Ligand SMILES: Nc1ncnc2c1ncn2[C@@H]1O[C@H](COP(=O)(O)OP(=O)(O)OP(=O)(O)O)[C@@H](O)[C@H]1O
Ligand SMILES: [Mg+2]
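Chains as they are written, first to last, in my numbering: chain V, 1213 to 1547; chain E, 152 to 456.
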């Protein structure tokens, strides 16, 4: 599978009054055509900033992309000319956001917003665009689509607005969809519907998806591969099933233990002691070390890079890399 | 919508009634009368004049008579300009004030909106500080300072325009700049604030993610919401501008309604004062109504409730 997007050494910092926030601190990953990549991590781990950085949508200032490259076709998204990037945004790469309540323009009609990408990128005439808009709304399951084109966002529920966002993002048949926690703000039943919708449309259109979530449970049924982010870095990445059944980083292992759904009834539910580190301070060594039950002196003193330990499965845990610890459930149970 | 307009106009009637009543009685409380300034008149003549205009009747009966005429659309005779009615005087002075107001409004909107929008695009940079600073100066500089200042520079020093008068189109420039400049400063600040508020919203990020150009982001996605504070402010402002500014009309010797009004107040020209106040109040009511209609069109969340 050839890579559609290849991100190398992306670093995005916010230069705020209280110091430099290292929101994304040297992450690399790639997404293949039609592939779904999950990015999981706690709140504040830099998932959104990583996504926004790809389309240069972070507020600048205070934000700044400090280094890195994001190869998309023949273009480096982080450094290409503004006009070139604009031609990609909303056309070849679309985005849907966490909060559907605030992400649609309350002053414009739904129809106008849904077809706007077609008009901006001159993919259809206004007349054709209207029909395509109706079709797109129908496709995401909005009743009475032709009439609803004239509605305003406040006349829609949260779930319906997210459907509109999806219709709007996919109307140009993009190669890549960035979905930043598209279901977090919705209630559980609607969440499931929206996830199902994204998955169906993705398969029909062959769109690659970067799916950001802090809910590791959502990832399992949805993503081909997963990145686990922590304090602006990637601690582990690999195929979804492996990530669940053969964790290679103590943080990932701890995350698994904290999900109720993955446990038998009555089994002890873990919470991870401590709190994520303050990203305004430079971190030496492993950012998870202060909370890690396996941490040793060398975890704090040496620089640690993400390394592949089995095919396609990489970890930033030094001790796993060195073969000193084995976190697979079988090994843990055998201890 | 028609229902909305009808209700609002019906609500205006008691407001106008209260305005008329208050002005009427407050004027009567002020010492002196319309004819006391004319030293040459003997007490007899003064009595006759007062009888002619009905000023010798009991206060309440004067009030009822006046109110009755107002309902018929007759604002009464002027006490100061013999044989002229207040309706005539307003009809003569209002077009002048309205023209001055129109040019001033044009100045205020074009300067204010562009300065405010430019300032909001890159907050806290030079392209923000310069227009915002100018707006601050404009707000702090009273009209009675700005007007003479402009006269000093453009009429006396450079001799590009005349000091005062209201004959040529060139006479419109300084008054319009003076009056419009002040409002431009306010509009610039309101525009900047409104635009900054909108530009920080999530849906602006959505627009950019769709590939919208900066111009499209501003024109299509921001202006409608960002200008709501400006439009709300425009209601009373436009009414005020069109019905005349006493200060500017005095500085530039413009025969507008503002000057008539103040002269009338000094002379205790009762009917002229109450008439102008009523006229002004009516204008404010109409423009506030217009503004509310526009606001409902601008903001889909509002409706004619
Ligand atoms: N505009 C900003 N100015 C300063 N700091 C910011 C800004 N935006 C984000 N950050 C910081 O960047 C870090 C990462 O934020 P980010 O929004 O990417 O987290 P996240 O992983 O998406 O979390 P969540 O699950 O809550 O969405 C946080 O520490 C946050 O405080
Ligand atoms: Mg986020």
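Note that CB positions come from ideal geometry on N, CA and C, so glycine has one too.
Source: prediction; values computed, not measured.
CB contact check: residue i to chain V, cutoff 8 Å
{"i": "residue 271(E)", "result": "no"}
{"i": "residue 364(E)", "result": "yes"}
{"i": "residue 353(E)", "result": "yes"}
{"i": "residue 451(E)", "result": "yes"}
{"i": "residue 357(E)", "result": "yes"}
{"i": "residue 375(E)", "result": "yes"}
{"i": "residue 171(E)", "result": "no"}
{"i": "residue 223(E)", "result": "no"}
{"i": "residue 360(E)", "result": "yes"}
Short CB-CB distance (under 8 Å) between residue i and chain E
{"i": "residue 1309(V)", "result": "yes"}
{"i": "residue 1328(V)", "result": "yes"}
{"i": "residue 1241(V)", "result": "no"}
{"i": "residue 1318(V)", "result": "yes"}
{"i": "residue 1206(V)", "result": "Given a span of 1213 to 1547 for chain V in the structure shown, any question on residue 1206(V) remains unanswerable."}
{"i": "residue 1333(V)", "result": "yes"}
{"i": "residue 1226(V)", "result": "no"}
{"i": "residue 1301(V)", "result": "yes"}
{"i": "residue 1265(V)", "result": "no"}
{"i": "residue 1314(V)", "result": "yes"}
{"i": "residue 1423(V)", "result": "no"}
{"i": "residue 1364(V)", "result": "yes"}
{"i": "residue 1298(V)", "result": "yes"}
Per DSSP, cross-strand counterpart(s) of residue i
{"i": "residue 1522(V)", "result": "1525(V)"}
{"i": "residue 204(E)", "result": "Answer is none; residue 204(E) lacks a bridge partner."}
{"i": "residue 175(E)", "result": "Paired residue(s): none; residue 175(E) is not in a bridge."}
{"i": "residue 1418(V)", "result": "Per DSSP, none; premise fails for residue 1418(V)."}
{"i": "residue 1231(V)", "result": "1228(V)"}
{"i": "residue 1306(V)", "result": "1389(V)"}
{"i": "residue 1215(V)", "result": "1244(V)"}
{"i": "residue 1548(V)", "result": "The structure shown does not extend to residue 1548(V), since chain V is modelled only from 1213 through 1547, so no value can be given for it."}
{"i": "residue 228(E)", "result": "236(E)"}
{"i": "residue 186(E)", "result": "Partner(s): none; residue 186(E) has no beta bridge."}
{"i": "residue 1424(V)", "result": "1251(V), 1392(V)"}
{"i": "residue 1169(V)", "result": "What the structure shows of chain V is the stretch from 1213 to 1547, and residue 1169(V) is not part of that stretch, so it cannot be assessed."}
Contact set for residue i: own chain, Cβ-Cβ below 7 Å, skip 5 residues either direction
{"i": "residue 174(E)", "result": "424, 425, 428"}
{"i": "residue 1399(V)", "result": "none"}
{"i": "residue 1516(V)", "result": "1497, 1498, 1528, 1530"}
{"i": "residue 1360(V)", "result": "1322, 1349, 1354"}
{"i": "residue 407(E)", "result": "244, 247, 248, 251, 395, 400"}
{"i": "residue 273(E)", "result": "279"}
Neighbourhood of residue i by C-beta distance below 8 Å, restricted to the same chain and skipping five residues each side
{"i": "residue 1254(V)", "result": "1426, 1442, 1488"}
{"i": "residue 1273(V)", "result": "1227"}
Same chain, Cβ closer than 6 Å to residue i, five either side skipped, listed in chain order
{"i": "residue 1306(V)", "result": "1381, 1386, 1389"}
{"i": "residue 302(E)", "result": "314"}
{"i": "residue 1371(V)", "result": "1398, 1402"}
{"i": "residue 1304(V)", "result": "1386, 1387"}
{"i": "residue 1357(V)", "result": "1346, 1349, 1350"}
{"i": "residue 1414(V)", "result": "1421"}
{"i": "residue 107(E)", "result": "Residue coverage of chain E in this structure runs from 152 to 456, which leaves residue 107(E) outside it and unanswerable."}
{"i": "residue 403(E)", "result": "315, 326"}
{"i": "residue 227(E)", "result": "220, 237, 422"}
{"i": "residue 1242(V)", "result": "1215, 1218"}
{"i": "residue 1532(V)", "result": "1460"}
- Query: Fully enclosed by the stretch 1430-1494 of chain V, which beta strand (DSSP E) runs are 3 residues long or longer?
  - Reply: Whole beta strand (DSSP E) segments, 3+ residues: 1437-1442, 1445-1451.
- Item | Those runs of the beta strand (DSSP E) which lie wholly inside the stretch 305-332 of chain E and span at least 3 residues | Those beta strand (DSSP E) runs which fall completely within the stretch 305-332 of chain E and span 3+ residues do not exist here.
- Item | Three-pair Cβ contact test at 8 Å for the stretch 238-250 of chain E versus the stretch 382-400 of chain E | Yes: the two stretches touch, three or more of their Cβ pairs being nearer than 8 Å.
- Going along the chain, which unbroken runs of the beta strand (DSSP E) with 3 or more residues stay wholly within the stretch 1235-1292 of chain V? Every unbroken stretch of the beta strand (DSSP E) spanning 3 or more residues and falling wholly within the stretch 1235-1292 of chain V is given here in chain order: 1248-1252, 1275-1284.
- Query: Enumerated in chain order, which unbroken segments of the alpha helix (DSSP H) with a length of 4 residues or greater are wholly contained in the stretch 236-273 of chain E?
  - Reply: Runs found: 237-272.
- Message: Restricting to runs no shorter than 4 residues, where is the alpha helix (DSSP H) found entirely within the stretch 379-442 of chain E?
- Response: Whole alpha helix (DSSP H) segments, 4+ residues: 379-393, 397-402, 408-417.
- Query: Would you call the stretch 296-306 of chain E and the stretch 328-335 of chain E in contact, with 3 or more CB pairs under 8 Å?
  - Reply: Inter-segment contact for the stretch 296-306 of chain E and the stretch 328-335 of chain E is present: three or more beta-carbon pairs are separated by less than 8 Å.
- Message: With three or more beta-carbon pairs closer than 8 Å as the criterion, would you say the stretch 311-327 of chain E touches the stretch 235-244 of chain E?
- Response: By the C-beta criterion, the stretch 311-327 of chain E is judged not to be in contact with the stretch 235-244 of chain E, since fewer than 3 inter-stretch pairs fall below 8 Å.
- Item | Three-pair Cβ contact test at 8 Å for the stretch 334-345 of chain E versus the stretch 275-293 of chain E | Judged by Cβ distances under 8 Å, the stretch 334-345 of chain E makes contact with the stretch 275-293 of chain E, as three or more pairs qualify.
- Query: Is there contact between the stretch 436-456 of chain E and the stretch 1307-1320 of chain V, where contact requires at least three CB pairs shorter than 8 Å?
  - Reply: The stretch 436-456 of chain E is in contact with the stretch 1307-1320 of chain V.
- For the stretch 1420-1435 of chain V against the stretch 1459-1471 of chain V, are there 3 or more C-beta pairs whose distance is under 8 Å? Yes: at least three Cβ pairs fall under 8 Å.
- Do the stretch 1267-1287 of chain V and the stretch 1227-1236 of chain V make contact, defined as three or more Cβ pairs closer than 8 Å? With the cut-off at 8 Å, the stretch 1267-1287 of chain V and the stretch 1227-1236 of chain V touch.
- Query: Contact between the stretch 1493-1512 of chain V and the stretch 1278-1289 of chain V: three or more CB pairs below 8 Å?
  - Reply: No, they do not touch.
- Taking contact to mean at least 3 C-beta pairs separated by less than 8 Å, is the stretch 1325-1332 of chain V in contact with the stretch 1283-1291 of chain V? Verdict: no, contact absent.
- Item | Runs of beta strand (DSSP E) wholly within the stretch 1331-1357 of chain V (minimum 3 residues, chain order) | The stretch 1331-1357 of chain V contains no whole beta strand (DSSP E) run of 3 or more residues.
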